[in-house]
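One structure is given below, encoded as structure tokens.
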Ligand code: NAD
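In the UniProt record's numbering, the protein residues as written are 11 to 351.
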């Protein structure tokens, strides 16, 4: 009605309406693990907001969802400060946007530097803190600065090492200092299907997708519930790489394996835009055959020094990009809207 008409002519009103709609849906998604709209619909809201803010930079606000990591810190868990911020990733929605990012990297360094291609695991981000080689605590990403303490739940995830392997300790500069290792906790597709089937049989509503199922399982009050969920991890990052005697993302992945973590085997060190595209094509082709969900490919500048040189925006590193696959919405979503906020 009147409000929609006003938004059509008043960008400030439209921006405000989009921000409210995004915040509301982020709350349902991150805090309640129960989204009401599909990821595709959510992404188009963000896309429209980003475009409007780009057209009207005077309307950008530091509290806009475009300017921060879109998580949530619940009150039922103790807060944990991350060693360094946990960022989100900027998206490339198609090959053209991927090339734009590759172009920016090439302009920055004068050539395409070595890059690492990884699968983008569609799970929930977890930060694992180790001290003296032992798992001390685990946290969700939260708002990027502060996460939620889910240590007791993460301890039940069978492939999370409670102790790092001895052979890996020598690469830690000071083992007595806490060090934060990061990855993705996910629920395999088949486990998600059976969990939802069981919920349905009991007259309860299930999770919208494996990612929400993983996030919801990690954010249980009772660790016994988490222990009965089939969760696995892929670890791929360190909070502060200066704590390790390693220089590159590739070496980090090899080290994480030696330390006892599950590292995804589909990783590749590449040196050209063509190889990046080939990795994306191949991964998209293998997507349905994998036992877990992926929603894209993450491309990262390999050298930590080169990563630091490129730096970060308010919400994401400039040295990485998430090439997003087209959404696969075979899930039970409540309203798939053409948005009218
Ligand atoms: P994101 O999940 O798209 O990308 C960032 C995350 O990717 C990182 O935090 C990390 O956890 C993960 N990741 C997986 N594999 C990785 C790898 N190999 N290397 C590095 N990181 C890896 O971004 P986001 O900000 O967490 O969430 C946005 C997503 O959530 C979008 O897909 C959006 O549609 C969805 N969302 C949906 C709703 C909804 O209502 N449906 C609401 C909010 C968010």
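For every residue, glycine included, the Cβ atom is placed at its ideal position computed from N, Cα and C.
Measuring C-alpha to C-alpha distances from residue 102 to each of 238, 111 and 94 identifies 111 as the nearest. Considering only 256, 314 and 286, the residue with the shortest C-alpha distance to residue 104 is 286.
Nearest C-alpha to residue 148 among 74, 44, 90 and 77: 90. Taken in chain order, the whole beta strand (DSSP E) runs of length 3 or more contained in the region 258-340 are 278-280, 304-311 and 330-334. About 4 angstroms separates the beta carbon of residue 247 from that of residue 192, a gap short enough to meet the 8 angstroms contact definition. In this structure, residue 231 sits away from residue 301, with a CB-CB distance that is not shorter than 8 angstroms. Between residue 195 and residue 125, the C-beta gap is not smaller than 8 angstroms, which leaves the two residues out of contact. Taking each of 177, 39, 25 and 163 in turn and checking the Cα distance to residue 266, the smallest one comes out for 177.
The Cβ atoms of residue 44 and residue 218 sit closer than 8 angstroms to each other. Around the beta carbon of residue 92, 16 or more other beta carbons sit within 10 angstroms, so the residue counts as buried. Within the region 62-147, the beta strand (DSSP E) runs of at least 3 residues that lie entirely inside it are, in chain order, 89-91, 125-131 and 134-141. Annotation for residue 248: the continuous beta strand (DSSP E) segment containing it runs 242-248. Inclusion of residue 276 and residue 129 in the CB contact set at 8 angstroms is warranted, their separation being smaller than that value. Residue 253 has its CB no nearer than 7 angstroms to any heavy atom of ligand 1.
For residue 191, the uninterrupted beta strand (DSSP E) run begins and ends at 189-196, by DSSP.
The residue from 17, 26, 33 and 158 with its alpha-carbon nearest to that of residue 86 is 158. Under the 8 angstroms Cβ criterion, the region 18-29 does not count as touching the region 302-318, having fewer than three qualifying pairs.
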